[in-house]
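Just below is one structure, and these are the notes that go with it.
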Amino acid sequence: MTSRITLGLGLLMAVALHARARAEEARSPGAQIARAVEPEDTRYDPTGRRDPFRPPGAGAGHAGEPRSPLQRYEIGQLKLVAIIYDTRDPRAVVEDEQGLGYIVKVGTPIGPNGGQVRAIQRGKVTITEESTDYYGEPRVNEVAMELRTAQRGNQ
Numbered sequence: 004m005t006s007r008i009t010l011g012l013g014l015l016m017a018v019a020l021h022a023r024a025r026a027e028e029a030r031s032p033g034a035q036i037a038r039a040v041e042p043e044d045t046r047y048d049p050t051g052r053r054d055p056f057r058p059p060g061a062g063a064g065h066a067g068e069p070r071s072p073l074q075r076y077e078i079g080q081l082k083l084v085a086i087i088y089d090t091r092d093p094r095a096v097v098e099d100e101q102g103l104g105y106i107v108k109v110g111t112p113i114g115p116n117g118g119q120v121r122a123i124q125r126g127k128v129t130i131t132e133e134s135t136d137y138y139g140e141p142r143v144n145e146v147a148m149e150l151r152t153a154q155r156g157n158q
């Protein structure tokens, strides 16, 4: 039994030595073996780079630019609750999920995607958002927030 173990170990060593010799023969003269080197302590700095988890063009704006509370909410999270439309400068009131109201007028920035109030009419507020589609083409999305009234809710 021990002779079989000795024979097996001998064969194993012979195969290992043969493989090492072939590797040395394959190496051309002057070639050097690449050695792994530990990288220096480099840290990732995200300044000036876009977030890879957001679509291109989303949240476009200057870095460090203060954002209004209306720009922090998606348009779908806001609810239109009042409109004053029959004046020279129409206004509307939108409410967030906590019930806080914000007064908007034409030109007010709204939403995280660079949206802007374009029109305030009877019963609705029109908002446009500029975005980039999958193919990199600029698109303008128009979103209409409609006023919910008791009459409309019953129909």
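Under our numbering, the first residue of the sequence shown carries the number 4, and numbering increases by one thereafter. Ideal Cβ placement from N, Cα and C applies to all residues, glycine included.
Whose C-beta lies closer than 6 Å to the C-beta of residue i among residues of the same chain, with five residues either side of it excluded?
i, result
"residue 105", "73 and 97"
"residue 65", "Note that residue 65 has pLDDT 48, beneath the 50 cutoff, so the model's placement of it is unreliable and the number below is only indicative. There are no such residues."
"residue 111", "120"
"residue 53", "none"
So what does DSSP say about residue i, is it helix, strand or coil?
i, result
"residue 67", "Only weak support exists for where residue 67 lies, its pLDDT of 48 falling under 50; the value from the coordinates is given anyway. The answer is coil: DSSP assigns residue 67 none of H, G, I, E or B."
"residue 72", "helix"
"residue 37", "coil"
"residue 79", "helix"
"residue 94", "strand"
"residue 52", "coil"
"residue 104", "strand"
"residue 109", "coil"
"residue 117", "coil"
Tell me whether the beta-carbon of residue i lies closer than 9 Å to the beta-carbon of residue j.
i, j, result
"residue 135", "residue 118", "no"
"residue 78", "residue 114", "yes"
When you compare each of the options to residue i by their alpha carbons, which one comes out closest?
i, options, result
"residue 142", "116, 126 and 124", "116"
"residue 123", "85, 102, 38 and 19", "85"
"residue 92", "83, 109 and 44", "109"
"residue 107", "39, 71, 139 and 137", "71"
Quick one: what's got a C-beta closer than 7 Å to residue i's C-beta in the same chain, skipping five residues either side?
i, result
"residue 99", "76, 80 and 81"
"residue 133", "117, 141 and 143"
"residue 129", "121, 122, 145 and 147"
"residue 95", "83, 85, 86, 107, 123 and 128"
With a CB to CB cut of under 8 Å and the five nearest residues on each side skipped, what residues in its chain are close to residue i?
i, result
"residue 67", "Note that residue 67 has pLDDT 48, beneath the 50 cutoff, so the model's placement of it is unreliable and the number below is only indicative. The answer is none, since no qualifying residue turns up."
| task | Please list the segments of the beta strand (DSSP E) lying wholly inside the stretch 123-156, counting only runs of 3 or more residues, in order along the chain. | result | 127-135 and 141-149
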